[in-house]
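Below you'll find the structure, written out as structure tokens, and then a few comments.
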Amino acid sequence: MPLLLLSACATSQPASKTAAVNISSSPKLIIGITVDQMRYDYLQRYWNDFTDGGFKRLVGEGFICHNLHYNYMPTYTGPGHASIFTGTTPAYHGIIENDWYERSSNSVIYCSSDSMMKGVGTSAKAGQMSPHYLTASTVGDMLSLHTNRRGKVFGIAMKDRGAILPAGRTADAAYWFVGADEGVWATSSWYMQTLPEWVNAFNQKKQADDYLSKPWNLLRSEAAYDESSEDNNAHETPFKGTTRPTFPYDLPQLKAANGNYELIKATPFGNSLTLDFAKALIENEQLGKDAIADMLCMSFSSTDYIGHQFGMHARETQDCYLRLDEELADFLKYLDQKMGEGNYLIFLSADHGGAPTPSYTAKSQAIGGYWKSDKLELMLEDTLAKKYGAGDWILNESNQNVFLNRKLIASKKLSLKEVQYEVATMALDLPEVHMSFTASDLAQFRGGDQVKSMIQNGFDTQRSGDVIYVLKPGYIEYGMTGTTHGSPFAYDSHVPAIFFGAGVKRGETFQKYSITDIAPTVSMMSGLPLPDACTGVPIVESIAPRK
Ligand SMILES: [Zn+2]
Numbered sequence: 179m180p181l182l183l184l185s186a187c188a189t190s191q192p193a194s195k196t197a198a199v200n201i202s203s204s205p206k207l208i209i210g211i212t213v214d215q216m217r218y219d220y221l222q223r224y225w226n227d228f229t230d231g232g233f234k235r236l237v238g239e240g241f242i243c244h245n246l247h248y249n250y251m252p253t254y255t256g257p258g259h260a261s262i263f264t265g266t267t268p269a270y271h272g273i274i275e276n277d278w279y280e281r282s283s284n285s286v287i288y289c290s291s292d293s294m295m296k297g298v299g300t301s302a303k304a305g306q307m308s309p310h311y312l313t314a315s316t317v318g319d320m321l322s323l324h325t326n327r328r329g330k331v332f333g334i335a336m337k338d339r340g341a342i343l344p345a346g347r348t349a350d351a352a353y354w355f356v357g358a359d360e361g362v363w364a365t366s367s368w369y370m371q372t373l374p375e376w377v378n379a380f381n382q383k384k385q386a387d388d389y390l391s392k393p394w395n396l397l398r399s400e401a402a403y404d405e406s407s408e409d410n411n412a413h414e415t416p417f418k419g420t421t422r423p424t425f426p427y428d429l430p431q432l433k434a435a436n437g438n439y440e441l442i443k444a445t446p447f448g449n450s451l452t453l454d455f456a457k458a459l460i461e462n463e464q465l466g467k468d469a470i471a472d473m474l475c476m477s478f479s480s481t482d483y484i485g486h487q488f489g490m491h492a493r494e495t496q497d498c499y500l501r502l503d504e505e506l507a508d509f510l511k512y513l514d515q516k517m518g519e520g521n522y523l524i525f526l527s528a529d530h531g532g533a534p535t536p537s538y539t540a541k542s543q544a545i546g547g548y549w550k551s552d553k554l555e556l557m558l559e560d561t562l563a564k565k566y567g568a569g570d571w572i573l574n575e576s577n578q579n580v581f582l583n584r585k586l587i588a589s590k591k592l593s594l595k596e597v598q599y600e601v602a603t604m605a606l607d608l609p610e611v612h613m614s615f616t617a618s619d620l621a622q623f624r625g626g627d628q629v630k631s632m633i634q635n636g637f638d639t640q641r642s643g644d645v646i647y648v649l650k651p652g653y654i655e656y657g658m659t660g661t662t663h664g665s666p667f668a669y670d671s672h673v674p675a676i677f678f679g680a681g682v683k684r685g686e687t688f689q690k691y692s693i694t695d696i697a698p699t700v701s702m703m704s705g706l707p708l709p710d711a712c713t714g715v716p717i718v719e720s721i722a723p724r725k
């Protein structure tokens, strides 16, 4: 039968008439943009204030997912960047938090720190970084290996983790901004031994000084900011050395009290400097010059610093997005001119959203509140000591993970599983706690309700705690001003996902997709292998047919 079919096929479709399909075509350059802490609804809230050439162009000429979410908890920066680019969750890529307690060293480790490395371009500890904790491949890793390392891969961001984790382990380089008294772009010995000449030249120009020599004013007239609250209010954190969180910000005067070059991170100009550096990198590393795809992973960190300091209702936040919109418009024009329209692929998403500031929303009687984890830790220590005798029962409590003293439990001949269960049950006595899970249960039984599966996707059997709990919607562990993120709820999980350019079919979808679906979509659009541990599925309707 197969032979017959084959011959019938051959008769009706002679080889000469077969349409030319090139399944290995790639864009000249793939640019993966992460906007740190960008909620999906910022697109809607600020839409009427955006220019035609930035976010509106990306959405109008590209493909947008209106309903794409993180599919795990905790929704933090390190895990978020890793998930976008590996197409999988912390359970596989290993970046379970920004910082986590490590049982073997009895210390808290940072997701991109690496004490075996030395800084290149900086002598500060901020240079001792690498992707060694990352246990899954990124889109960039696949590009690099697939092209026999002829395709170049770079990561850049103000934050080291925003540059390192997206680029992956095999990247040509990741560069991040070392603030404090240095104000330079640096890297680590994971990638190279000395900075390229062009990076030294860029650093010598001290562009950060230019940005910090002028005040930060509103970009538009006050009337444009009617989507945000009044400028002077009690729910935002003023810069150090000032008492009011209000425009204009006198940056030259604020610099000394706010960590010198650290200050630029919490202004929109951290994003401007990132774009300046991106252009210098594209020129000097000759990205997109030949037929072999290159990749640039860039993360805009300032949106997150500003979001934390001022919250999602602030004019400062809105101003940062209006400026980013104009800068993206400029960047697109630059790329059109360098590579030709349609020859490059951009995808844009965020590493997490952000919670409404509870002290602000309380005025409107909205849900939410504040949580202090010390309260839980004290209660657990006290109850376990009364029941089983004095001892250091809780080794660490962080990111809603409780780490029990397993040695002590074993020495008392207690069952770890039972103590975990007791602790998980005790946590539920506190009114702010919504749910709790034990490591034994998470490791052995998969499935269950949506939040449980989000916990499991974020759970690493070796790195996570003994008990993990979830706060009620709207509750954050943070100061009374500004905001944070980390929960499994929509305000933290719902992020934009936009695809634009080569390989993209124009359109939109309201279907629910996961953050892990971005990487396989990019792979399919670019003729690249799927990242090794990819658990997502491609967003098929966004992919242009091969030709
Ligand atoms: Zn972040």
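Here this note's numbering is used: the first residue of the sequence shown is 179, the next is one more, and so on. Positions of the beta carbon are idealized from the N, C-alpha and C atoms, including for glycine.
Which value, in whole angstroms, describes the spacing of the CA atoms of residue i and residue j?
i	j	result
Gly419	Leu453	29 Å
Gly626	Glu239	39 Å
Lys433	Pro716	45 Å
Ala458	Leu465	10 Å
Tyr218	Met490	12 Å
Ile633	Ser542	31 Å
Tyr483	Ala444	5 Å
Cys187	Asp319	In this prediction, Cys187 has a pLDDT of 42, which is less than 50 and means its spatial position is unreliable; what the coordinates show is noted afterwards. Going from the Cα of Cys187 to the Cα of Asp319 covers about 39 Å.
Arg347	Ala386	29 Å
Leu207	Ser283	41 Å
Thr365	Ala345	13 Å
Gln371	Asn579	38 Å
Lys591	Trp278	27 Å
Asn411	Cys712	45 Å
Ser315	Ala335	19 Å
Met473	Gln689	28 Å
Ala533	Tyr669	6 Å
Asn326	Asn245	36 Å
Gly567	Ser589	12 Å
Tyr270	Arg398	44 Å
Ile572	Arg339	29 Å
Leu706	His324	7 Å
Pro709	Ile287	26 Å
Spatial neighbours of residue i within its chain, please: CB distance less than 7 Å, with the 5 preceding and 5 following residues excluded, ordered by chain position.
i	result
Lys650	Glu610 and His612
Val362	Gly299, Thr300, Val356 and Asn381
Ile721	Gly681, Lys683, Thr699, Met702 and Met703
Leu182	Confidence in Leu182 is poor, its pLDDT being 40 and thus under 50, which makes the residue's placement unreliable; the coordinate value appears in the next sentence. Closer than 7 Å at the Cβ level, and outside the excluded window around Leu182, lies no residue.
Arg584	Leu594
Ala358	Ala302, Gly437, Asn438, Tyr439 and Glu440
What do you get for residue i, buried or exposed, if any count of 16 or more other CB atoms within 10 angstroms of its CB means buried?
i	result
Asn449	buried
Glu414	buried
Ser293	exposed
Ser692	buried
Val237	buried
Glu494	buried
Trp376	exposed
Leu582	buried
Ala621	exposed
Locate the alpha helix (DSSP H) running through residue i, then write down its first and last residues.
i	result
Thr452	Phe447 to Asn462
Ser589	Arg584 to Ser589
Ile633	Gln628 to Asn635
Ile484	Ser480 to Phe488
What are the start and end residues of the beta strand (DSSP E) that includes residue i?
i	result
Asn378	Not the beta strand (DSSP E): Asn378 falls in the alpha helix (DSSP H), residues Glu375 to Gln382.
His271	No beta strand (DSSP E) contains His271, which is instead part of the alpha helix (DSSP H) from Pro268 to His271.
His612	Val611 to Thr616
Tyr288	Ser285 to Tyr288
Leu573	Ile572 to Ser576
Leaving out five residues before and five after residue i in sequence, what residues of the same chain have Cβ atoms less than 8 Å from its Cβ?
i	result
Lys232	The amino acid occupying residue 232 in the given sequence is Gly; Lys does not appear at that position. These residues qualify, in order along the chain: Leu502, Asp503, Glu504, Glu505, Leu506, Ala507 and Leu510.
Trp549	Glu610, Leu649, Tyr653, Ile654 and Glu655
What does DSSP give as the partner residues of residue i in its beta bridges?
i	result
His247	His672 and Ser692
Asn226	Its beta-bridge partners do not exist; DSSP assigns none.
Ala364	Trp354
Trp549	Per DSSP, none; premise fails for Trp549.
Ser291	Met307
Gly265	Note: Gly265 sits in no beta bridge, so no partner.
Val648	Met613
Leu687	Per the sequence shown, the amino acid found at residue 687 is Thr instead of Leu. Bridge partners of Thr687: Cys243.
For residue i, I'd like the list of residues in its chain whose CB is within less than 6 Å of its CB, leaving aside the five on either flank, ordered along the chain.
i	result
Asn436	Phe417 and Lys418
Asn378	none
Ala602	Ser614, Thr616 and Val645
Leu586	Gly569
Gly258	Asp529 and His530
Tyr369	Ala351
Asp695	Gly714, Val715 and Ile717
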